[in-house]
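Enquirer:
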Amino acid sequence: MKEQAQPKHIGAGMNRVDGFQKVTGAAKYSAEYELPGLAYGVLVGSTVAKGRITSLDTKAAAGAPGVLAVVTHLNSPKVPGFTPSGKDPSQPQTVGGRLQVFHDDKIRFSDQPIALVVADTLERARYAARLVKAQYAKEAHQTNLLEAKSFLPTQAKQNPKSPMADYQRGQGDAYQGGALKVESEYIIPTEMHHPMEMQSITAHWEAADRLTLYDKTQGTQGTRRDFAKEWNLPEENVKVVATFVGGAFGNALHSWPHESAAIIGAKVTGRPVKLMLTREQMFTLVGYRPYTWQKIGMSATADGKITAITHESVGQTSSYEEFTESTLAQTRMMYQAPNLATRYRIAAVDVSTPIWMRGPGEATGAFALESAMDEMAYLLKLDPLEFRLRNYTDQDPEKNRPWSTKFLKECYQAGADRIGWRKRQLQPGALREGDWLLGYGMGVGTFGAHRGAAQVSARLLPTGRVLLQCATTDIGPGTGTAMTQIAADTLGLDPARITFELGQSGFPKAGSQGGSSTVNTVGQAVQDASRALLDKLRQQAAAGNAAFGSAAPADVVFTDKHLTLKGNDAARVAYADLLRQPDAGFVLVESKPDGADQQKYSMYSFSVHFAEVAVHVLTGEVRVRKLVSCADAGTIVNEKTAANQMKGGAVGGIGMALMEHAIIDDRYGRYVTKDFADYHVPVHADAPAVEVYFVNQPDPHVNALGTKGIGEIATIGVAPAIANAVFNATGKRVRELPITPDKLV
Amino acid sequence: MNQFQYVRATKPQAAIEVVAKDPTAAFIAGGTNLVDLMKRGVMTPQKLVDINRLPLNKIERQGNALRVGALALNSAVANDAQVREHHPLLALALQAGASGQLRNMATVGGNMLQRTRCAYFYDLSMPCNKRQPGTGCGALEGINRMHAIFGASDKCIAVHPSDMSVALVALDATVLVSGPKGDRQLPFADLHRLPGNTPEKDTNLLPGELITAVDIPDSPFAKHVHYQKVRERASYAFALVSAAVALDLDGNTIKAARLALGGVAHKPWRLAAAEQVLVGQPATEASFRRAAEVAMQGAKAFKHNAFKLKLAPNALVQALKTAAAA
Ligand SMILES: Cc1cc2nc3c(=O)[nH]c(=O)nc-3n(C[C@H](O)[C@H](O)[C@H](O)COP(=O)(O)OP(=O)(O)OC[C@H]3O[C@@H](n4cnc5c(N)ncnc54)[C@H](O)[C@@H]3O)c2cc1C
């Protein structure tokens, strides 16, 4: 059902509503709140990967100028939510939970916080932190995933229907009997979360039982829940503010040790404490894309029909907390393979807990699957695009039900045209420009079109402006802008007269911003709340002017001072009069997905990425010359911010394919890549023009808006597109990312 | 960062005196390397002598050389008209280093004295003979992807990271130094040391010696030059390996050549024998390949850097091809 005949704002490339604030520095991020009496916290990390702290010398630090407290496990106040862990030592699994900071003398990973120094200035805190000296009883550690024992995640052990459980259709491992088969192992190294804004928190006990957190988080209410629980407080006593978030990509979907530490520090000193991680600490304290080993076996008929796929993976987790992700999801539903098996395992190593990183497990899995597709196409002497078309699925082969919508073929076509796929040669190394070999590759991505429940409030203000509120966050995609556009179309109101406020736990309920679900979820709630507001206003206006009583909500028109009706100027009710009634001009609406549709359809966003690369014959340097990213993501709410998502995701994929690589020296269990000189992310010169194409067809089943989600599919499939292009250029199949020059010379 | 005293020098001699007398004192120029190392606790000078006000930033002709002051900024040198005309190799190498912002802070003296980027040198909790003599070399049996293939010792396998230095060693530059005992000059090739048993010493400078300038002699290497830097991304990364080459061509015949490699040793690595191989030869890929083979004699790889045995000669050949065509 459409409220407006023609959306005016939805789809348009409206500028960001907070763009001006961002570029002028007016936007306030979590580390920018100046509170009276503010103190600064700096964490001291363990230098060993496993063992116990045998002694801690904090005297010099405590006596250093300006130091207010040095918190360690020896003097930390009792955090009511921390529990002695009752784990069965005979079990390799971790299950567990978040690190309980300063709770005991146990070291679980290198750089685990062993002390928090709080001082009156950042410089003094930093200086004093260097003076803390610790001694350890070291224990043998294991940081090498390939040598660690892997196991089925506990959730899968307990629930065979868990997406992490083993899956099979047709015969298991049937590929082994195939005459034409590919069998390959793939590795994705640990990739680090490095949003521009480093993780930070300002913790403020406003009273002994009232806590305010200015925190970098993707979910204000999830963070509230975690810390209310940790301190045994009613949720309403904890307030979380995250009005602006400088990029997060998954690493702020979890609560981390530095957040607990800052709250403890604030408790101990009785002052608000600001704690911002250093870039170096971002490597160890806020999660990362886990190192993952994968193996794919695939068989096909000579005419290019896949007969079987087996996909196994082992991903890294920590010793104290089980982390799982959907590495094998895409394999189960993407291609028409009658025999298919997936086996997902994790292995606990002595590192901090990983976390989702953009396109989370799917991006990891897609590297293996889409590389294997390219390997198989090459074996069959088939164009990889044609090979994918021959195995296209018109309904979900995993759940045996229709797709809500799927326009992947349209994406294939659009992408092939734009990259110039015709130029691609089947034989590697056939295209050359001077000392550069040219190659073309493609990779497909998919991600569930998730939608959850959310509440949005909408209020008409006496000025004729409409204020909407929701606890959701905006980690960068332009949530506030999209919501304003949706509200503007639904209300028939100029976007300049709409304010959408987000990023506070006290606002109406919303989940975290993650899994490409915010527009699907909150966007729909905004539309529903806007409709409800219109109808409520219409009804309330009817008390002052009967014409409103019989009018359709869509006919309600906002003028400067009055509510009026389309084609009936005479019907007028002043805002001032309207808002005199109790509870006037306010609605709080909850939106939920349609359960029946969710049972009936499989709902996914789809993407395909095409890459043109050049590889230097002598130096092995790879340059991505062109990327085309095409998406079937349902209705596009803002073509500009949506394209911005796609381009950012594509550049992230370049990093994944060509340079991102966190390396641990297993002898010490410590990273040797701990700054941006050693851990490379793409610079501008690495990012070519990224051409973006959207099918822009609404999905009627996910929500009324027709959206499906963009954030993840922007990255999923990019790395294999580049790896496949490198193969096409050179004939070298690199199955362990990143594809650095040393692997090609 | 440790606490330190800060003094600003206005006369070279005063600066030298302070640092010569106090082994815990250090000069600070752009600070882009020293301050980073202090933040990590890798270097802990008790006194910083700021030399930025000293009149040492001129770029001017001196006899048969171009004299570049030690405080000339990397960006100023790379953009200097005389440098670009007569020593374009130096400009190319500088531009391949760091970023625009850093080159606007970094000085010529500081650049050549920048310290290794070896991860073990940077991490106080890991062994490193260079940082703390006697603790061992973490890289020897560790992650040594970025490390030396020439001239390493079992005490240290770190590499010198400067791009500029690779060009300067190829161009036969001379370093001008003032010290407590007066002035002296040393060939650029003798500025840096091999690690041997004393990897804590990067250079042959004596305590308190201040670099005042570098002289680049006039040469015929103004046209056929190239700086080939191979790195993991298009810009803003230290070299996996780099090659600075300069050719003097008579038609297609090589009259003289200057070759050096970066990212392969504890010092910028001049390739004298390979240069000789090229003299009198045609400027062809076959000649370049032969020189590259000679260049690689004596190279030895560790567990993770065997690729350099192939990448270094390839980079050299590529640099020579580009230089010959320039
Ligand atoms: C992110 C980053 C990336 C970089 N990438 C590159 C790169 O790709 N290639 C590259 O070559 N470099 C690179 N660098 C290093 C950069 O070139 C050096 O930091 C810079 O050249 C040092 O110059 P400075 O004037 O800042 O030296 P400072 O940091 O001030 O000093 C460095 C050292 O030299 C000493 N010193 C300085 N001047 C004198 C003098 N006149 N006489 C005696 N001693 C002196 C100081 O005591 C100190 O020990 C990078 C640096 C950073 C931070």
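Residue numbers (my numbering), protein chains in the order written: chain A, 1 to 745; chain B, 1001 to 1326. Built from N, CA and C at the ideal position, the CB exists for glycine as well.
1) Mind listing the chain B neighbours of A/P682? Cutoff is C-beta to C-beta under 7 Å, in chain order.
2) If you check the beta carbons only, do A/S629 and A/G649 fall under 9 Å apart?
3) Return no unless some Cβ of chain B is closer than 9 Å to the Cβ of A/K626.
4) Using 9 Å as the limit for Cβ to Cβ distance, is B/Q1005 near chain A?
5) With 9 Å as the limit, tell me which residues of the segment 1065-1097 of chain B have their beta carbon closer than that to any beta carbon of chain A; keep them in chain order.
6) Mapping the DSSP letters down to three states, classify A/G297 as helix, strand or coil.
7) Evaluate A/F676 with the Cβ neighbour count: other Cβ atoms within 10 Å of its Cβ, from every protein chain shown; 16 or more gives buried, anything less gives exposed.
8) By DSSP, does A/C470 sit in helix, in strand, or in coil?
9) Within 10 angstroms of the Cβ of B/A1014, are there 16 or more other Cβ atoms? Answer buried if so, exposed if not.
10) Does the distance from the CB of B/G1179 to the CB of B/A1026 come in under 9 Å?
11) Out of B/L1240, B/K1223 and B/D1123, point me to the one whose CA is closest to B/R1258's CA.
12) Should A/Q93 be flagged as near chain B, meaning a C-beta pair shorter than 9 Å?
13) In terms of alpha-carbon separation, which member of B/R1145, B/D1123 and B/M1164 lies closest to B/R1103?
14) Counting only Cβ pairs nearer than 8 Å, list the residues of chain A close to B/I1157.
15) With DSSP run on the structure shown, which of helix, strand or coil describes A/F606?
16) Can you find a heavy atom of ligand 1 that lies under 8 Å from the Cβ of B/M1164?
17) Flag B/V1042 as yes when its Cβ comes closer than 8 Å to any non-hydrogen atom of ligand 1, and as no otherwise.
18) In chain A, which residues lie less than 8 Å from B/Q1318 when you measure between Cβ atoms?
19) In angstroms, rounded to a whole number, what distance separates the CA positions of A/S319 and A/G178?
20) With respect to the beta strand (DSSP E) encompassing A/I306, which residues constitute its N-terminal and C-terminal limits?
21) From the DSSP output, in three-state form, read off A/G711 for me.
22) Can you tell me whether A/M196 is buried or exposed? The criterion is at least 16 other CB atoms within 10 Å of its CB, across all chains shown.
23) Taking the alpha helix (DSSP H) that A/H254 belongs to, which residues open and close that run?
24) Who are A/N568's beta bridge partners in DSSP?
25) Using a Cβ-Cβ cut-off of less than 7 Å, give me the residues of the segment 1128-1149 of chain B that come near chain A, in sequence order.
26) What residues in its chain sit with their C-beta under 7 Å from that of B/V1294, if we drop five residues either side in the sequence?
27) Cβ of B/E1209 within 8 Å of any heavy atom in ligand 1?
28) Hey, could you find the ends of the alpha helix (DSSP H) A/R418 is sitting in?
29) Beta carbons nearer than 7 Å to chain A: which residues of the segment 1289-1314 of chain B have them?
30) Closer than 9 Å, CB to CB, is A/T740 near chain B or not?
31) Quick check on A/K8: does DSSP put it in helix, strand or coil?
32) Is B/A1078 helix, strand or coil when you go by DSSP?
33) At least one CB of chain A closer than 9 Å to the CB of B/S1125: is that the case?
34) Please confirm if A/V745 has its CB atom under 9 Å from at least one CB of chain B.
35) Using the Cβ count rule (16 or more neighbours within 10 Å means buried), how would you classify A/G86?
36) Which residues does DSSP pair with B/K1229 in a beta bridge?
Expert: Taking the coordinates as given:
1) Simply R1233.
2) Taking 9 Å as the Cβ cut-off, A/S629 and A/G649 qualify as a contacting pair.
3) No, no contact with chain B.
4) Not an interface residue.
5) Those would be none; no residue qualifies.
6) Assigned with DSSP and collapsed to three states, A/G297 falls in strand.
7) Exposed, by the Cβ-count rule.
8) It is coil, neither helix nor strand.
9) Exposed, because fewer than 16 other Cβ atoms sit within 10 Å of the Cβ of B/A1014.
10) No. Outside cutoff.
11) Per the Cα distances, B/K1223.
12) At A/Q93, the pLDDT of 49 sits below 50, so the modelled position is not reliable and the matter cannot be decided from this model.
13) Of the listed residues, the one whose Cα sits closest to B/R1103 is B/M1164.
14) Correct list: empty, because the minimum Cβ distance to chain A is about 14 Å.
15) Strand, per DSSP.
16) Answer for B/M1164: yes, Cβ within range of ligand 1.
17) Every heavy atom of ligand 1 is 8 Å or more from the Cβ of B/V1042, so no.
18) What B/Q1318 touches in chain A: D435, H616, L618 and T619.
19) When rounded, the distance between both Cα atoms is 39 Å.
20) Looking at the DSSP string, the run of the beta strand (DSSP E) that includes A/I306 is I306 to S318.
21) It is coil, neither helix nor strand.
22) Burial is judged here by how many other beta carbons sit within 10 angstroms of a residue's own beta carbon; A/M196 has fewer than 16 and is exposed.
23) Annotation for A/H254: no alpha helix (DSSP H) segment contains it, and DSSP assigns it neither H nor E.
24) Beta bridge pairing from DSSP links A/N568 with A/L565.
25) Answer in chain order: G1142 and I1143.
26) Result list for B/V1294: A1273, A1274 and V1277, in chain order.
27) Flag set: Cβ of B/E1209 near ligand 1.
28) Secondary structure note for A/R418: its alpha helix (DSSP H) is the uninterrupted segment L408 to I419.
29) For the segment 1289-1314 of chain B, the residues whose beta carbon sits under 7 Å from a beta carbon of chain A are, in order, F1307, K1310, L1311 and N1314.
30) Answer yes: the Cβ-Cβ gap between A/T740 and chain B drops below 9 Å somewhere.
31) Coil.
32) DSSP places B/A1078 within a helical segment (H, G or I) once states are collapsed to three.
33) Taking Cβ atoms only, chain A reaches closer than 9 Å to B/S1125, which makes this a yes.
34) It does: the Cβ of A/V745 has a partner Cβ on chain B nearer than 9 Å.
35) Low confidence applies to A/G86: its pLDDT is 48, below 50, so where it sits in the model is not reliable, and the reading given next is rough at best. A/G86 should be labelled exposed.
36) Residue pairing by DSSP places B/K1229 opposite B/S1242 in a beta bridge.
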